[in-house]
Amino acid sequence: MALEIIELCTNCWACEPLCPSKAIYEAKPHFLIDADKCNECSGDFEDSQCASICPIEGAILNEDGVPMNPPGSLTNIPLQKLAA
Amino acid sequence: MQLPVINIAAAEPKKGGCSAGSCGSTDKQMDHLPEHIRQKVFNHPCYSEEAHHYFARMHVAVAPACNIQCNYCNRKYDCANESRPGVVSELHHPVQAVKKVLAVAATIPQMTVLGIAGPGDPLANPERTFETFRMLSEQAPDIKLCVSTNGLSLPEEVEQLSQYNIDHVTITINCVDPDVGAQIYPWIFWKNKRIKGREAAEILIAQQQKGLEMLVAKGILVKVNSVMIPGVNDKHLEEVSKIVKGKGAFLHNVMPLISEAEHGTFYGLTGQRGPTNEELQALQDACEGDMNMMRHCRQCRADAVGLLGEDRGSEFTMDKVEQMEINYPEAMKMRAEVHAAINEELESKRLAKEAKVQVVNIQGLKKKETTRPVLMAVATKGGGIINEHFGHAGEFLIYEASSDGVRFIGHRKTTPYCEGDISCGDGESVLDKTLKVLAGCEAVLCSKVGYEPWGPLEAAGIQPNGEHAMEPIEDAVLKVYEEMRVAGKLETTVDEQQKVA
Chain G
1 MALEIIELCT NCWACEPLCP SKAIYEAKPH FLIDADKCNE CSGDFEDSQC
51 ASICPIEGAI LNEDGVPMNP PGSLTNIPLQ KLAA
Chain Y
1001 MQLPVINIAA AEPKKGGCSA GSCGSTDKQM DHLPEHIRQK VFNHPCYSEE
1051 AHHYFARMHV AVAPACNIQC NYCNRKYDCA NESRPGVVSE LHHPVQAVKK
1101 VLAVAATIPQ MTVLGIAGPG DPLANPERTF ETFRMLSEQA PDIKLCVSTN
1151 GLSLPEEVEQ LSQYNIDHVT ITINCVDPDV GAQIYPWIFW KNKRIKGREA
1201 AEILIAQQQK GLEMLVAKGI LVKVNSVMIP GVNDKHLEEV SKIVKGKGAF
1251 LHNVMPLISE AEHGTFYGLT GQRGPTNEEL QALQDACEGD MNMMRHCRQC
1301 RADAVGLLGE DRGSEFTMDK VEQMEINYPE AMKMRAEVHA AINEELESKR
1351 LAKEAKVQVV NIQGLKKKET TRPVLMAVAT KGGGIINEHF GHAGEFLIYE
1401 ASSDGVRFIG HRKTTPYCEG DISCGDGESV LDKTLKVLAG CEAVLCSKVG
1451 YEPWGPLEAA GIQPNGEHAM EPIEDAVLKV YEEMRVAGKL ETTVDEQQKV
1501 A
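Protein sequences appear in the order of chains G and Y.
Terminal number for the first sequence in the numbering used here: 84, no gaps in between.
Terminal number for the second sequence in the numbering used here: 1501, no gaps in between.
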């Protein structure tokens, strides 16, 4: 099991120092998660740290490819406004 | 009639704090402060209204991470045409940032202050922030360091802040009531969890207040920034002002919400409006009875360079900085000379004004005529004088003249008339925008006004005036006010209530 950072990432560095497994690394064009190291923080924290501080909805996916923070979940912006 | 440039402190009855009519004026703003604080801020463009005409500041963007979300911020946004907090074009590692600071300080000797303001929260990036401060305090001891923060991590960082000899901190405090806060902050990251809603606001507020108290206890100057959000915290900010002043903040800066749909923020997309110029001024006036207010803030970008209101960041992109060879010890000598010359000018201005106050104190005993206050717009590039063409001004400073003297009200941004894209037929709409921005003003003072805008300005009730080029702003505003009085444009009433000691 591992999380994944996708191209929505804005390279804000917030997640990198929090990762207990040191799985997150700076890369171009955006940060990446080493799937071999990531254990989704199990045993270390209740919540995945990167997904708990990431400000960008949809930038981090779970192992099924589903956004950890779906659209509207962080900003409270109504979905129809986001689509506009 | 004698028109004082500053108010007659000695002749006015002392109330708690100061009267709304007085502390907006340049000198008064500084006169409130104890001497040791005045010494710390007299050359800081963000803290002293007078200094901002002479001294420049820069921000370096070393702090991208944030630990909270604000409804007026969108972290995805970055555009070179947008000048507002949280926005940045180029992110720097500390070593690059220091290089850039030295290059700017050597090129713009008026640059006295380096701030770290984001684009995230500096204290959510403590390693990068403090590494930058450490190198700068070693390599450029003549630059003042300051930092602004949302306050969430502040209590944990106060000790380190005091070690790096950072004597100015700005905390953004938008509320002291968690129910108000829940409408401004959707979440915070706290103790390894994302916390939402009222609970998040409660923690943030407690941390901000604790941080403020700890900084004051350490003798570190604290300015409080508040974003005015109509219908959310506009009424509440008067209480915030009282509380932060009571805890020892020395300056309160109420800023208007910047909110457009294209920014993609919660407020922008849900139609939350910002305050009008009049609403902002009314709130600043209301808070002023309790607190020293800042009115010259330009809400600059997290990588701004130059005098407030200008941004020379594009001259110092990293690729350009890498090409510059900087001998900082040499530059520091030149900088010291420039600073000494500016300080001398400020000192002589201060003495001249003190002399005027003496005269006014004697004459102020006479029964005084009260004339209605008048707003005037001024075009300036800095130096405290009228030295900008109407058509080149990207902003106007607004002053209020009354029988009590002149006070600075604020600044209003526009698009320079001469840069309007005439080819697209936009030339006229640019002037329309400026006319709208200057609404309420009865005169606009600039070094020159072209023939074309003259008619429309007059028609809008704004008298163009290019007769006071290169004169000190406040002197010129008073002269024009006096001309209006003589011309019978100010209905005069003899004020029997005039208080004269």
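All C-beta atoms, glycine included, are put in the ideal place defined by N, C-alpha and C.
Shortest alpha-carbon distance to Glu1127(Y) belongs to which of Cys1066(Y), Ile1473(Y), Pro1094(Y)? Pro1094(Y)
Cβ closer than 7 Å: which chain G residues qualify as neighbours of Ala1065(Y)? Cys12, Trp13, Ala14
Use the C-beta contact count for Ala1117(Y): other C-beta atoms within 10 angstroms, 16 or more gives buried, fewer gives exposed. buried
May I ask you to list, following chain order, the residues of the region 1259 to 1282 of chain Y that have a beta carbon less than 7 Å from some beta carbon of chain G? Phe1266, Leu1269, Thr1270
Measuring straight from C-alpha to C-alpha, what distance separates Glu1049(Y) and Arg1407(Y)? 11 Å
Is DSSP giving Gln1463(Y) helix, strand or coil here? strand
Between Ala1377(Y) and Cys1441(Y), is the Cβ-Cβ spacing less than 8 Å? yes
CA nearest to the CA of Val1222(Y), picked from Ser1314(Y), Ile1173(Y), Asp1142(Y): Ile1173(Y)
Take every Cβ of the region 1051 to 1068 of chain Y, pair it with every Cβ of the region 1382 to 1398 of chain Y, and state whether three or more of those distances are shorter than 8 Å. yes
Arg1194(Y), buried or exposed, once every other Cβ within 10 Å from all chains shown has been counted against 16: buried
Mind checking whether Gly993(Y) and Asn1071(Y) have CB atoms under 8 Å apart? Outside the displayed range of chain Y (1001 to 1501) lies residue 993(Y), so it cannot be described from this structure.
Beta-carbon contacts of Leu32(G) that lie in its chain and below 7 Å, excluding the five residues immediately before and after: Ile5, Tyr25
Output, in chain order, the set of chain G residues within a Cβ distance shorter than 7 Å of Phe1189(Y). Ser52, Ile53
What's the gap between the Cα of Gly1246(Y) and the Cα of Ala1331(Y)? 42 Å
For Asp64(G), return the contacting residues in chain Y, with the cut-off set at a CB-CB distance below 8 Å. Ordered by position in chain Y, no residue passes the 8 Å Cβ test against Asp64(G), which lies about 20 Å from the chain.
Let me know the alpha helix (DSSP H) ranges lying completely inside the region 1293 to 1359 of chain Y, each 4 residues or longer, listed in chain order. 1318 to 1323
Quick one: which chain Y residues come within Cβ less than 7 Å of Leu74(G)? Gln1069, Pro1186, Trp1187
When you compare the CB of Arg1075(Y) with every CB in chain G, is at least one pair closer than 8 Å? yes
Contacts of Ile56(G) in chain Y (Cβ-Cβ under 7 Å): Arg1075, Lys1076
In angstroms, rounded to a whole number, what distance separates the CA positions of Gly1211(Y) and Cys12(G)? 25 Å
Taking a cut of 8 Å between CB atoms, which residues from the region 36 to 48 of chain G lie near chain Y? Phe45, Glu46, Asp47
Within 10 angstroms of its Cβ, does Leu79(G) collect 16 or more other Cβ (buried), or is it exposed? exposed
So is Lys28(G) in contact with chain Y if we call contact Cβ pairs under 8 Å? no
For the region 1240 to 1285 of chain Y, which segments carrying the alpha helix (DSSP H) assignment without a break, of at least 4 residues, lie completely within its bounds, in sequence order? 1266 to 1269
With 16 other Cβ atoms within 10 Å as the buried cut-off, status of Asp1069(Y): Position check: residue 1069(Y) holds Gln in this sequence, whereas Asp was assumed. With 16 or more other Cβ atoms within 10 Å, it is buried.
Where Gly1120(Y) meets chain G, residues with beta-carbon distance less than 9 Å: Cys12, Trp13, Ala14, Pro55
Here's the rule I'm using: 16 or more other beta-carbon atoms within 10 Å means buried, otherwise exposed. How should His1036(Y) be labelled? exposed
Is Arg1312(Y) close to chain G, meaning its C-beta is less than 8 Å from at least one C-beta of that chain? no
In terms of residue numbering, what span does the alpha helix (DSSP H) encompassing Gly1181(Y) cover? 1178 to 1181
For Ile77(G), which residues in chain Y fall below 8 Å Cβ to Cβ? Phe1266, Leu1269, Thr1270
Count the C-beta pairs between the region 1197 to 1215 of chain Y and the region 1231 to 1240 of chain Y that are closer than 8 Å, then say yes if the count reaches three, no if not. no
Ser1137(Y), enclosing alpha helix (DSSP H) - first and last residue: 1126 to 1139
Could you please give me the residues that DSSP links to Leu61(G) through a beta bridge? Glu4(G), Pro67(G)
Where the region 1115 to 1139 of chain Y meets chain G: residues whose CB sits under 9 Å from a CB there: Pro1119, Gly1120, Ala1124, Asn1125, Glu1127, Arg1128
By the DSSP assignment, the beta strand (DSSP E) with Ile1173(Y) in it spans what residues? No beta strand (DSSP E) contains Ile1173(Y), which DSSP labels as neither H nor E.
Does DSSP put Arg1485(Y) in a helix, a strand or coil? helix
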